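Asker: Here you go, one structure.
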Amino acid sequence: MRRTRWSRTMVRTRWSRTMRRTRRWTMRRRRRKSKTMRRRGRTLRRTRRGRTRWSRTMRRSKIRRTRRRTVRRTMWSRTMRRTRRRTIRRTIRRTIRRTRRRTVRMTMWSRTMRRTIRRTIRRTIRRTRRSRTRRIGQR
Numbered sequence: 001m002r003r004t005r006w007s008r009t010m011v012r013t014r015w016s017r018t019m020r021r022t023r024r025w026t027m028r029r030r031r032r033k034s035k036t037m038r039r040r041g042r043t044l045r046r047t048r049r050g051r052t053r054w055s056r057t058m059r060r061s062k063i064r065r066t067r068r069r070t071v072r073r074t075m076w077s078r079t080m081r082r083t084r085r086r087t088i089r090r091t092i093r094r095t096i097r098r099t100r101r102r103t104v105r106m107t108m109w110s111r112t113m114r115r116t117i118r119r120t121i122r123r124t125i126r127r128t129r130r131s132r133t134r135r136i137g138q139r
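The numbering of the sequence shown is this note's numbering, which starts it at 1 and goes up by one.
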């Protein structure tokens with residue numbers, strides 16, 4: 001029997017007896033899962049017709065996973081706190097490295113500084129809103 005190169009269509013073909021007998025059968029490459037399958041993470045049950053179906057445990061785990069993203073800010077879990085601390089430290093280090101050239105410490109934001117920045121942002125937002133309403137009125 002000729003050695004066959006494997007293509008995607010090949011997986012779907014019906015296997016002849018000779019094909020079944022050869023070792024090639026065991027060497028079949030695993031097909032890439034579809035986008036939805038990958039998104040769902042775990043392997044899904046396939047029905048006889050080849051449609052994918054959620055198993056009950058799968059559905060539960062998926063719900064749990066999606067809920068994880070919407071953690072209430074007040075309810076920080078311990079792991080979350082740890083990761084948060086790590087990321088904060090990392091960003092601080094990065095800013096220090098960047099700002100050492102300018103010799104400005106970005107890590108020690110004073111309270112007044114924060115307040116002034118907030119105020120300026122608010123002011124600009126208000127200004128843009130007012131200008132918009134005026135323009136609409138002129139029309």
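Beta carbons are placed, not taken as given, at the ideal position from N, Cα and C, and that holds for glycine.
Keep in mind that this is a model prediction, so the values were computed, not measured.
Can you grab the Cα-Cα spacing for the pair residue 96 / residue 123, in whole Å?
Answerer: Counting from 1 along the sequence shown, the entry for residue 96 is found at position 96. Counting from 1 along the sequence shown, the entry for residue 123 is found at position 123. Distance between the alpha carbons of residue 96 and residue 123: 29 Å.
Asker: Which value, in whole angstroms, describes the spacing of the CA atoms of residue 126 and residue 112?
Answerer: Mapped onto the sequence shown, residue 126 falls at position 126. Mapped onto the sequence shown, residue 112 falls at position 112. Between residue 126 and residue 112, the C-alpha separation is close to 21 Å.
Asker: Output the distance between the C-alpha atoms of residue 120 and residue 129, rounded to the nearest integer angstrom.
Answerer: Taking the sequence shown and counting its residues from 1, the one referred to as residue 120 is at position 120. Taking the sequence shown and counting its residues from 1, the one referred to as residue 129 is at position 129. Roughly 14 Å between the two C-alpha positions.
Asker: Suppose you measure from the CA of residue 87 to the CA of residue 118; what does that come to, to the nearest Å?
Answerer: Here residue 87 is taken as the residue at index 87 of the sequence shown, counted from 1. Here residue 118 is taken as the residue at index 118 of the sequence shown, counted from 1. Cα to Cα, the separation comes out at about 23 Å.
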